[in-house]
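**Student:**
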Amino acid sequence: MLERCVRCELEKLQSLMTPAYIAEVVAGLPEEKGVTADKSEYERRMNVCGTCEAFSGGMLCTYSGSYPAYRAHVLASLCPYPGSDKWKNTDF
């Protein structure tokens, strides 16, 4: 019986994650007033991420290990920047 290499499986999955794929998935997420960010708030949050040193490869936050595009979609989500939520504090 062949054993699956977990690391190999994760690397394979990671190779499928591209900025374009993530944008496509986020565009298909449901919107709910008061729960999800509207387009302008989502874009503002992503612009903040784009200026952050932790934004890696145009798709990953190295502070949280998450995809900011998903986090930015949900209004209750916070920016994981240490010591300051950059999405709330625009004086960074």
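Mapping to the working numbering: the sequence shown position 5 is 144, numbers consecutive.
For glycine and all other residues, C-beta sits at the position ideal for the given N, C-alpha and C.
Counting only runs of 3+ residues fully inside the stretch 177-223, write out the beta strand (DSSP E) ranges in chain order.
**Tutor:** Those beta strand (DSSP E) runs which fall completely within the stretch 177-223 and span 3+ residues do not exist here.
**Student:** Between the Cα of Ser223 and those of Tyr202, Val164 and Leu214, spot the shortest distance and give me the residue it belongs to.
**Tutor:** When only C-alpha atoms are compared, the closest one is Tyr202.
**Student:** How should Leu199 be labelled, buried or exposed, when 16 other C-beta atoms within 10 angstroms of its C-beta is the threshold for buried?
**Tutor:** That one is buried.
**Student:** So, using beta-carbon positions, are Leu214 and Ala176 closer together than 9 Å?
**Tutor:** Yes, they are a contact pair.
**Student:** What separation, rounded to the nearest whole angstrom, lies between the Cα atoms of Glu142 and Gly196?
**Tutor:** Between Glu142 and Gly196, the C-alpha separation is close to 31 Å.
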